[in-house]
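Take a look at the structure set out below.
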Amino acid sequence: MYSNTPEDRGQHIKDLRDGIEHRATWFYYMFTEAKKRGLDSEFAHDAIKKCGCFHGQNKYTKTSDLKAFEKEFVSDNVRNIFEMDTECTDDKLEITFHHCPLVAAWRKLTDDEELIAEMCEIAMDGDRGICSQFEDFTFHLGKTIAKGDSICEVTFNKNRE
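Numbering follows my numbering, in which position 74 of the sequence shown is assigned residue number 1022; successive positions increment by one, without gaps.
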C-alpha cells in the first residue's frame, strides 16, 4: 500500500493542493452521479481531453523544444504541488510525481481502487489533450499513484522523422 502523504511545502502550496482536491471532489461527484444515471465514462474522457486541448492551444507557447515546453508545463508551483522531479533532454521530458492531490481527494471519498484508477485515467486525458496540440510530441503514462504505485510517471517524447 502507498501513502501519497505530501511533504510540507508551506501554506501557499497547501492552499493550492486544497484547491486541486476541491476540484477533484467535484469531478468525483459529477462522475459518480453520471454513472448512476447510466452514462459510461466516454463523456468524461471526451470532456477532459477537450479541456486539455483548449489549454494546449491557449496556455502554452507553440514549440517543438521540449526544454521550452518543460519551463511552462512544470512551473515552480506545479513542481511543489505534485512533488515533481524532471529530467529533460532534447528528445524526452520525464516527469516523476511523488504526490497527487487528486488521488488524495478521491481516497477521502471512496476506497474503490478501480474507480480511483478510472478517474485518474480520465484526468490524464487533460495532459494527453495538451500534448496533442504539439505535433512534435507524444505522451506516455507509466506508473500511477492511483493504481497503487509510489509514483506517477509521465513522459513527453519528441517525434523524430
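Cβ coordinates follow ideal geometry from the N, Cα and C atoms, glycine included.
query	result
How far does the beta strand (DSSP E) with D1033 in it reach, from first residue to last?	M1032 to C1036
Would you identify the three-state DSSP class for V1102, choosing helix, strand or coil?	strand
Going by DSSP, name the residue or residues bridged to F1085.	K1106
Which residues mark the beginning and the end of the alpha helix (DSSP H) in which I996 is found?	E990 to N1006
Are T1034 and V1026 close, meaning C-beta to C-beta below 7 Å?	no
Which value, in whole angstroms, describes the spacing of the CA atoms of A982 and I1064?	15 Å
What does DSSP give as the partner residue(s) for K1040 in the beta ladder?	N1105
Mind checking K997: buried by the 16 CB within 10 Å criterion, or exposed?	buried
Go ahead and label H1047 buried or exposed: buried means 16 or more other beta carbons lie within 10 angstroms of its beta carbon, across all protein chains shown.	buried
Report yes or no: do the region 1003-1017 and the region 1076-1092 share at least 3 C-beta pairs separated by less than 8 Å?	yes
Can you check which of these residues, T1092, V1102 and G1074, is closest to G1004 by C-alpha distance?	G1074
Here's the rule I'm using: 16 or more other beta-carbon atoms within 10 Å means buried, otherwise exposed. How should R985 be labelled?	exposed
Using a 10 Å radius around the Cβ and a threshold of 16 neighbouring Cβ atoms, would you call T900 buried or exposed?	The chain is shown from 949 up to 1109; residue 900 falls before or after that span and cannot be answered.
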